[in-house]
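Chains as they are written, first to last, in the working numbering: chain A, 1 to 377; chain B, 1 to 259.
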């Protein structure tokens, strides 16, 4: 067994994927049981349709939607949590790094559309190029922001870089708006229509009345994020740079006395976090189809929430937090109106998600997987 | 030529002069100590050597090259390793990982090696792990490689810190109160270990220590600091009989009574 667990294939591929499956199944199962229980409790209150039947009917689709959006949140949340890990500060401009990634990706596809290449190229190659460009631009943007706005403030009281990050966030929003307005006269960017991403893969499962419908773009989104998460896990746990990142996160002065160039490692951390955010931005753009410079705010805020929910500074926690938040949101959007007879619509989904966040934090202030960090000597 | 030489090093914190014009040198292959009452500036002096603090005045020469203005990681690359007064292991990493972090500057793996897990990457990784377990046994620990550093007993953590420091193949090892909090048996073992490191690996050792048995038992050369200044230096025998040292430790009145 020991031989097996130290095998790199197990350690860096099977284990993280298994962990994701456990999180997905666990969170889905818990929420599903809860909602079915509620349905049975309130069954007699609803007369015009059978509540239990209606609940079960839409449940698979609700789970699929929740997991899809959960992976987006998890990928963005990793950027927050990695930076928090090494610098202990919240990089509030991360939502704008995410937005820039999405806009750059869509602009690339619009450019292909303009030159006519879009219809001739393989759709997955286009998406791949867009994600790659989004990662490169967002990653370098994150490193630049760190150099300009955070590095000079290292050692200042903790609120100071935080304010700088919020300022950077507003600056980026308006800078992107200005650039887009100057170049295209319009600050909405719209994903050109191409490929088969809007189609559904239909999977009939025996025993379930409605076949499961997976939208191709959702499968793409989950697939790409899973690959990135596995890659990140390998980078952090299996390489020299990853060990250096963890060493810097745990004790910066000691790490530097081990010969680790702390500034370089901090830049690398921003590069990785930014690149993940940029990729998430492109994937989000494919799902949302329309972006503007202010689109990063809500996903960014929710991803930050996911990072806190899972235990900020903890990479696995960000994954778990993102999935739980995505599922909660999806459950809220679908079931709130059914259970309240239309009194609360889907637009109240965030209230549900954040109420649960508050309850979790009251019970476990360090987050689901967070540890109470011993005071650094 | 001395391995390490400091000339008139001064470190101030506002109005407080923590290190005042220290001239100090250590010869290759010796074991030397810096002693002094609490607050004498010993740890500040260490921090000035390793680049954590930047001295306001003076020169620090290591192998004839200046260390002034270098970052801690650059000083470490030049061949100086250290341990800390309060243990500063990476608590959430395993013992082996801690020691491998100590080898950071020697591992050559690049991005492409890691990405494709090339043969070179495998070999280097394997070798690093083997060397780490050897070092773990070298400092006298067995079968704790996969445990988290924070779960080990105090004495073992001290040993891992030393293993991590020598993993970088230093020429000079700085130990900041390495036997603090150890019982007499552990202290005796530690002294044996320090001697062994010097004799076996030829690493020059400089230590800060409060425990006089350790200092007198191991050092070939002792420097005494008080209020940021060097008040005496010499062999253990010289120091034991030095009037100023006795006064610094016991106070002037008590020293008189002793006579």
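In this text, a Cβ means the ideal position worked out from N, Cα and C, and glycines have one as well. A quick note: this is a predicted structure, and the numbers were derived from the prediction, not measured.
Given residue 186 of chain A, which residues of its chain have a CB within under 8 Å of its CB, disregarding the five upstream and five downstream residues? Numbered from its first residue, the first chain carries residue 186 of chain A at position 186. 180.
Which residues of the segment 229-256 of chain A have a Cβ closer than 7 Å to any Cβ of chain B? Give them in chain order. 239, 240, 243, 244, 246, 247, 250, 251, 253, 254, 256
Please confirm if residue 22 of chain A has its CB atom under 9 Å from at least one CB of chain B. Taking the first chain and counting its residues from 1, one reaches residue 22 of chain A at position 22. So, not an interface residue.
Looking at chain B, is there any beta carbon in it that lies within less than 9 Å of the beta carbon of residue 99 of chain A? On the first chain, position 99 is the one that residue 99 of chain A refers to. With 9 Å as the cut-off, residue 99 of chain A does not count as an interface residue toward chain B.
Are residue 260 of chain B and residue 219 of chain B close, meaning C-beta to C-beta below 9 Å? Within the shown structure, residues of chain B are numbered from 1 to 259, placing residue 260 of chain B beyond reach of any answer.
Integer-rounded CB distance, given that residue 246 of chain A should sit under 8 Å from residue 262 of chain A: Counting from one through the first chain, the residue named residue 262 of chain A turns up at place 262. Counting from one through the first chain, the residue named residue 246 of chain A turns up at place 246. About 13 Å separates the two Cβ atoms, so there is no contact after all.
Below 6 Å CB to CB, which residues in the same chain sit around residue 65 of chain A once its five sequence neighbours on both sides are set aside? Translated into positions along the first chain, residue 65 of chain A becomes position 65. Closer than 6 Å at the Cβ level, and outside the excluded window around residue 65 of chain A, lie 330.
Please tell me whether residue 302 of chain A and residue 73 of chain A are closer than 9 Å, where the distance is taken between their beta carbons. Position 302 of the first chain holds residue 302 of chain A. Position 73 of the first chain holds residue 73 of chain A. Cβ distance < 9 Å, so residue 302 of chain A and residue 73 of chain A count as in contact.
From residue 337 of chain A to residue 51 of chain A, what distance separates their C-alpha atoms? On the first chain, residue 337 of chain A is found 337 positions in, with the first residue counted as 1. On the first chain, residue 51 of chain A is found 51 positions in, with the first residue counted as 1. The alpha-carbon atoms of residue 337 of chain A and residue 51 of chain A are separated by roughly 12 Å.
Does any residue of chain B have a CB that is nearer than 9 Å to the CB of residue 260 of chain A? Numbered from its first residue, the first chain carries residue 260 of chain A at position 260. Interface residue, yes.
Terminal residues of the continuous alpha helix (DSSP H) containing residue 217 of chain B? Mapped onto the second chain, residue 217 of chain B falls at position 217. Looking at the DSSP string, the run of the alpha helix (DSSP H) that includes residue 217 of chain B is 212-218.
Return helix, strand or coil for residue 348 of chain A, following the three-state DSSP convention. Mapped onto the first chain, residue 348 of chain A falls at position 348. Residue 348 of chain A: helix per DSSP, three-state reduction.
Report the partner residues of residue 332 of chain B according to the DSSP bridge assignment. Nothing can be reported for residue 332 of chain B: it is not among the residues displayed for chain B, which extend from 1 to 259.
Can the beta-carbon of residue 98 of chain A be found closer than 9 Å to that of residue 79 of chain A? Position 98 of the first chain, counted from the first residue, corresponds to residue 98 of chain A. Position 79 of the first chain, counted from the first residue, corresponds to residue 79 of chain A. The answer is yes: Cβ separation under 9 Å.
Which of the three DSSP states, helix, strand or coil, is assigned to residue 270 of chain B? The question about residue 270 of chain B has no answer, for chain B in this structure spans 1 to 259.
What's the call for residue 88 of chain B, buried or exposed, on a 16-neighbour Cβ count within 10 Å? What you label residue 88 of chain B is simply residue 88 of the second chain in a count that begins at 1. Classification of residue 88 of chain B: buried, given that the 10 Å Cβ count is 16 or more.
Minimum Cβ-Cβ distance from residue 153 of chain B to chain A less than 9 Å: In the second chain, residue 153 of chain B corresponds to position 153, counting from 1. No, its Cβ sits nowhere closer than 9 Å to a Cβ of chain A.
Would you kindly work out how many angstroms separate the C-alpha atoms of residue 132 of chain B and residue 167 of chain B, rounded to a whole number? Your numbering for residue 132 of chain B matches position 132 in the second chain. Your numbering for residue 167 of chain B matches position 167 in the second chain. When rounded, the distance between both Cα atoms is 7 Å.
Reduced DSSP category for residue 1 of chain A - H, G, I as helix; E, B as strand; rest coil: Residue numbering aside, residue 1 of chain A sits at position 1 when the first chain is read from its first letter. Here residue 1 of chain A scores only 45 on pLDDT, less than 50, and its place in the model is too uncertain to base an answer on.
Near residue 146 of chain B, which residues of its chain fall below 8 Å by C-beta distance, leaving aside the five closest residues on each side in sequence? For the purposes of this step, residue 146 of chain B is taken as residue 146 along the second chain, with counting starting at 1. Excluding sequence neighbours, residue 146 of chain B sits near 94, 95, 96.
Looking only at its chain, what residues have a beta carbon closer than 7 Å to the beta carbon of residue 128 of chain A, apart from the 5 residues adjacent to it on each side? Walking along the first chain from the start, residue 128 of chain A turns up at place 128. So no residue of the chain qualifies.
Within 9 Å (strictly less), CB to CB, does residue 293 of chain A reach chain B? Your numbering for residue 293 of chain A matches position 293 in the first chain. Chain B, which has no Cβ nearer than 9 Å to the Cβ of residue 293 of chain A, makes this no.
Which residue's Cα is closest to the Cα of residue 306 of chain B: B/247, B/249, B/138, B/125? Residue 306 of chain B is absent from the model: chain B starts at 1 and stops at 259.
Is the distance from the Cβ of residue 278 of chain A to the Cβ of residue 70 of chain A below 9 Å? Taking the first residue of the first chain as 1, we reach residue 278 of chain A at position 278. Taking the first residue of the first chain as 1, we reach residue 70 of chain A at position 70. Cβ distance not < 9 Å, so residue 278 of chain A and residue 70 of chain A don't count as in contact.
Tell me which residue opens and which closes the beta strand (DSSP E) that residue 203 of chain A is part of. Position 203 of the first chain holds residue 203 of chain A. Here the beta strand (DSSP E) through residue 203 of chain A covers 200-203.
Just to confirm my understanding: we take residue 159 of chain B, look at its own chain, exclude 5 residues before and 5 after, and list those with CB closer than 7 Å. What are they? In the second chain, residue 159 of chain B corresponds to position 159, counting from 1. 139, 140, 141.
Do residue 49 of chain A and residue 168 of chain A come within 9 Å of each other at the CB atom, strictly closer than that value? Taking the first chain and counting its residues from 1, the one referred to as residue 168 of chain A is at position 168. Taking the first chain and counting its residues from 1, the one referred to as residue 49 of chain A is at position 49. Against a cut-off of 9 Å, the Cβ pair of residue 49 of chain A and residue 168 of chain A comes out as no contact.
Does residue 8 of chain A get closer than 9 Å to chain B when you measure Cβ to Cβ? Counting from one through the first chain, the residue named residue 8 of chain A turns up at place 8. Taking Cβ atoms only, chain B reaches closer than 9 Å to residue 8 of chain A, which makes this a yes.
Quick one: give me the first and last residue of the beta strand (DSSP E) that residue 205 of chain B is part of. Numbered from 1 along the second chain, position 205 holds the residue referred to as residue 205 of chain B. Segment 204-208, the beta strand (DSSP E) holding residue 205 of chain B.
Residue 225 of chain B to residue 304 of chain A, Cα distance in whole Å? As a first step, residue 225 of chain B must be located in the second chain, where it is residue number 225. As a first step, residue 304 of chain A must be located in the first chain, where it is residue number 304. Approximately 51 Å between the Cα atoms of the pair.
If I'm right that residue 100 of chain A touches residue 270 of chain A with Cβ under 8 Å, what's the distance once you round it to whole angstroms? One-based indexing of the first chain puts residue 100 of chain A at position 100. One-based indexing of the first chain puts residue 270 of chain A at position 270. Incorrect: roughly 14 Å between the Cβ atoms, too far for contact.
Determine, using beta carbons only, whether residue 48 of chain B comes closer than 9 Å to chain A. For the purposes of this step, residue 48 of chain B is taken as the residue at position 48 of the second chain. It does not; no Cβ of chain A falls within 9 Å.
Under 9 Å between the Cβ atoms of residue 66 of chain B and residue 59 of chain B? Here residue 66 of chain B refers to the residue found at position 66 when the second chain is read from its first residue. Here residue 59 of chain B refers to the residue found at position 59 when the second chain is read from its first residue. Yes. Within cutoff.
Kindly indicate if chain A contains any beta-carbon less than 9 Å away from that of residue 88 of chain B. On the second chain, position 88 is the one that residue 88 of chain B refers to. At least one chain A Cβ lies under 9 Å of residue 88 of chain B.
Residue-chain proximity (residue 97 of chain B, chain A), Cβ-Cβ < 9 Å: In the second chain, counting from the first residue as 1, residue 97 of chain B sits at position 97. Closer than 9 Å to some Cβ of chain A, the Cβ of residue 97 of chain B qualifies, so yes.
Among A/343, A/96, A/344, A/111, whose alpha-carbon lies nearest the alpha-carbon of residue 192 of chain A? Here residue 192 of chain A corresponds to residue number 192 of the first chain, with the count starting at 1. Nearest of A/343, A/96, A/344, A/111 to residue 192 of chain A, Cα basis: A/111.
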